[in-house]
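Residue 1 is where the sequence shown starts when you use UniProt numbering, and the numbers rise one by one after that. We put the CB at the ideal spot given by N, CA and C, even for glycine. In what follows, a structure is listed as structure tokens, so that the remarks can point back to it.
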Amino acid sequence: MPPPWSHVALEFHVKSKGDQYDRISALWLGGSELLRTSTAQPEEHGIFWNVRKDITKYSSLLVQNDLYFTLMLENIVNDIYTGVYHVNVTLYFYKDNAVKVPLTGNNQNLFTPVSQLPLVGDESMYDPPADLIIPISASDSTKGYWFIIERDLDVKFEKVSFPSNTRKVVLELYVSFHGNDEFWYWNPSNSYIRMNNLSTPRGNGAFREVFVTIDGKLVGSEMPFPVIFTGGINPLFWEPVVAIGTFNLPSYDFDLTPFLGMVLDGKDHVFGVGVTDGIEYWLVDANLHIWLDSASNIVEAKNVVNIFPASEISRSEEFESLDGSFEIKAEKFIRLEGWVKSSSGNLTTRISQEVRFRSSIRFKKNGTYKAVKQNIKVRREAKVLNDVGGLVSKVIIKRKYPLKVITVTLPGLKNDTYMLVTNVTHAVNERIRIGKLSSHLNNKQVSNGWMEVKDHTVLSGEAMTNQTYVSRNEFGCYVRTVATLNGTLIKDNAAYACPSVM
Numbered sequence: 001m002p003p004p005w006s007h008v009a010l011e012f013h014v015k016s017k018g019d020q021y022d023r024i025s026a027l028w029l030g031g032s033e034l035l036r037t038s039t040a041q042p043e044e045h046g047i048f049w050n051v052r053k054d055i056t057k058y059s060s061l062l063v064q065n066d067l068y069f070t071l072m073l074e075n076i077v078n079d080i081y082t083g084v085y086h087v088n089v090t091l092y093f094y095k096d097n098a099v100k101v102p103l104t105g106n107n108q109n110l111f112t113p114v115s116q117l118p119l120v121g122d123e124s125m126y127d128p129p130a131d132l133i134i135p136i137s138a139s140d141s142t143k144g145y146w147f148i149i150e151r152d153l154d155v156k157f158e159k160v161s162f163p164s165n166t167r168k169v170v171l172e173l174y175v176s177f178h179g180n181d182e183f184w185y186w187n188p189s190n191s192y193i194r195m196n197n198l199s200t201p202r203g204n205g206a207f208r209e210v211f212v213t214i215d216g217k218l219v220g221s222e223m224p225f226p227v228i229f230t231g232g233i234n235p236l237f238w239e240p241v242v243a244i245g246t247f248n249l250p251s252y253d254f255d256l257t258p259f260l261g262m263v264l265d266g267k268d269h270v271f272g273v274g275v276t277d278g279i280e281y282w283l284v285d286a287n288l289h290i291w292l293d294s295a296s297n298i299v300e301a302k303n304v305v306n307i308f309p310a311s312e313i314s315r316s317e318e319f320e321s322l323d324g325s326f327e328i329k330a331e332k333f334i335r336l337e338g339w340v341k342s343s344s345g346n347l348t349t350r351i352s353q354e355v356r357f358r359s360s361i362r363f364k365k366n367g368t369y370k371a372v373k374q375n376i377k378v379r380r381e382a383k384v385l386n387d388v389g390g391l392v393s394k395v396i397i398k399r400k401y402p403l404k405v406i407t408v409t410l411p412g413l414k415n416d417t418y419m420l421v422t423n424v425t426h427a428v429n430e431r432i433r434i435g436k437l438s439s440h441l442n443n444k445q446v447s448n449g450w451m452e453v454k455d456h457t458v459l460s461g462e463a464m465t466n467q468t469y470v471s472r473n474e475f476g477c478y479v480r481t482v483a484t485l486n487g488t489l490i491k492d493n494a495a496y497a498c499p500s501v502m
């Protein structure tokens with residue numbers, strides 16, 4: 001469909017029959033990732049599901065006619081894993097309240113004055129969409145365009161040359177964790193594994209941070225939201241609902257505009273991505289969203305303040321045999337400032353961010369009782385000022401990612417089996433203020449249950465999951481509550497009004 005359009009939605013439809021478990025998948029266009037997703041639990045008579053995502057911010061890719069869509073869905077088919085996935089991808093273009101989008105891949109005609117910033121939503125930094133998107137991803141797509149990171153020193157690099165009239169740049173980072181690091185948030189320390197002569201490769205402690213560098217200098221980092229895939233902790237929790245983020249894994253946005261003074265010299269600059277304390281394996285790639293100045297071939301820029309330290313991490317542990325405790329605290333305080341002189345004037349972007357990470361792990365009863373309590377808190381403030389110091393825009397974002405997991409292992413009812421009692425509570429809590437308007441999102445799940453297991457097969461069990469989703473701003477409120485019991489939906493209520501106490 002030719003532009004203009006106001007919104008573009010991607011629908012990812014999957015169906016499968018047979019046994020398969022939490023496969024990771026991604027969709028790219030021209031090497032730039034549009035969606036990171038995972039699969040649902042299998043059902044005896046087959047299963048299907050849909051994922052919808054707003055992909056309007058990728059409009060500069062969608063208008064091009066020489067790019068290929070690439071889908072990767074890692075799967076194994078044999079006598080045990082018999083399920084084959086059938087995937088359909090559909091794009092829906094909406095023209096209501098149409099806005100300008102790039103007419104060519106290097107469009108010079110898409111511009112909205114800085115003063116006309118949108119008033120709601122964290123996606124505000126992508127409105128209007130970028131003029132150019134450059135992938136930071138693997139050149140060999142045989143196993144997908146994502147970089148495969150297997151240890152903390154395994155940093156992946158990509159060279160990028162910026163157009164001389166770049167006036168704004170945002171890096172979008174996609175991340176997922178697998179294998180020995182799928183449950184990184186309850187990995188014990190290496191000393192615990194060594195002292196107890198354990199064979200598990202799941203170590204390195206319970207702190208992870210994904211980072212981005214330009215020419216070796218740290219410019220972005222994120223302590224990721226702990227997504228739980230459908231085979232995770234207790235698979236019975238995730239039927240027919242899934243854990244937060246499983247079908248649409250979050251991406252993380254870094255406004256790199258303050259760093260433009262480092263890269264607008266016509267030379268290649270090396271972007272690096274890695275995972276602090278990561279072990280095998282992480283899948284990471286990124287998109288560079290670039291906005292151009294249509295009225296000028298050259299933009300001037302300078303980085304004025306660059307306080308981006310490594311995280312301050314403190315660790316403590318105390319254990320005797322298989323019982324003990326592990327505590328990790330991490331903090332980071334960031335200050336960035338840079339000015340950009342374009343046809344829109346001389347604008348200064350000033351960013352401050354505070355990140356706090358807390359993790360507590362307890363092992364009791366000879367290691368059969370395990371409790372994890374983790375919380376990630378982020379506060380970010382971004383201001384744009386004009387050449388006389390007047391405020392053009394201001395955005396404040398506050399996020400919390402609390403997680404609590406308890407598992408208790410008991411003898412099974414039959415030989416060679418064991419009982420696993422499980423509890424999971426996790427949430428995303430986000431507040432965004434843009435100018436004088438604000439929005440609030442709270443998405444919380446509480447799951448309780450047990451399962452009888454032989455080897456890696458669930459023989460029987462019971463599980464209940466309750467989820468509450470609340471989204472509100474000055475113009476309205478939406479709340480939805482869902483409950484499942486033993487794979488059946490027993491409650492699904494939605495309303496466009498929220499109690500005043502929420």
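- The region 443 to 455 makes contact with the region 409 to 427, as at least three CB pairs between them are under 8 Å.
- Ile-233 sits buried, since 16 or more C-beta atoms from the chains shown fall within 10 Å of its C-beta.
- Beta-bridge annotation (DSSP): Pro-135 is paired with Asn-287.
- Between the beta-carbon of Pro-250 and that of Tyr-185 there is about 15 Å, and that puts the pair past the 8 Å contact cut.
- Going by beta carbons, Thr-468 and Asn-429 fall outside the 9 Å limit.
- If you ignore the 5 residues before and after Lys-95, its C-beta comes within less than 8 Å of the C-beta of Pro-4, Trp-5, Ser-6, all in its own chain and listed in chain order.
- Judged by DSSP secondary structure, Met-195 falls within the alpha helix (DSSP H) whose first and last residues are 190 to 195.
- Burial state of His-86 is exposed, judged by a 10 Å Cβ sphere holding fewer than 16 other Cβ atoms.
- In chain order, Phe-363, Lys-364, Lys-365, Asn-366, Gly-367 place their CB closer than 8 Å to the CB of Asp-323, counting only its own chain and leaving out the 5 sequence neighbours on each side.
- Nearest to Ser-460 by alpha-carbon distance, out of Leu-437, Gly-487, Gly-83, Gly-476, is Gly-487.
- Ser-325 has its alpha-carbon roughly 17 Å from the corresponding atom of Asn-375.
- With distances taken between CA atoms, Glu-318 lies nearest to Met-195 out of Asp-455, Asn-165, Met-195, Gly-389.
- Lys-454 sits exposed, since fewer than 16 C-beta atoms from the chains shown fall within 10 Å of its C-beta.
- A Cβ-Cβ contact shorter than 9 Å links Asp-285 with Ile-136.
- Put simply, the region 340 to 351 does not touch the region 210 to 221. Fewer than three CB pairs are less than 8 Å apart.
- Remark: C-beta atoms of Thr-407 and Tyr-369 approach each other more closely than 9 Å.
- If the five residues before and after Leu-67 are omitted, its C-beta is found closer than 7 Å to the C-beta atoms of Leu-29, Gly-30, Leu-61, all from its own chain and listed in chain order.
- With a minimum length of 3 residues, the unbroken runs of beta strand (DSSP E) contained wholly in the region 427 to 499 fall at 437 to 454, 457 to 473, 476 to 485, 488 to 495.
- Contact between Pro-224 and Val-242 is ruled out by a C-beta separation of about 17 Å, above the 8 Å threshold.
- Our two residues, Val-212 and Trp-291, have alpha carbons roughly 20 Å apart in a direct line.
- Less than 9 Å divides the Cβ of Ser-32 from the Cβ of Ile-133.
- Scanning its chain for C-beta atoms nearer than 8 Å, with the 5 sequence neighbours on each side dropped, one finds around Ser-438 the residues Arg-431, Ile-432, Asn-473, Glu-474, in chain order.
- In this structure, Pro-235 places its C-beta atom within 9 Å of the C-beta atom of Gln-41.
- Cβ neighbours of Val-8 within its own chain (closer than 8 Å, five residues either side excluded): Asp-54, Ile-55, Thr-56, Tyr-58, Ser-59, Leu-62, Leu-91, Tyr-92, Phe-93, Tyr-94.
- If you check the CB distance, Glu-182 and Ala-463 do not come in under 9 Å.
- In this structure, the CA atom of Glu-320 is about 13 Å from the CA atom of Ser-189.
- Looking at the DSSP output, Asp-323 sits in a beta bridge with Glu-320.
- Per DSSP, the unbroken beta strand (DSSP E) holding Leu-34 starts and ends at 32 to 38.
- Distance from the Cα of Leu-71 is smallest, within the candidate group Gly-278, Leu-34, Asn-493, for Leu-34.
- Of Asp-131, Phe-69, Ser-344, Gln-64, the smallest CA-CA separation from Asp-387 is found for Ser-344.
- Sequence-distant Cβ neighbours of Gly-278 in its own chain, meaning closer than 7 Å and more than five residues away, are Ile-149, Arg-151, Asp-152, Asp-181, Arg-208.
- The continuous beta strand (DSSP E) containing Ser-352 extends over residues 345 to 364.
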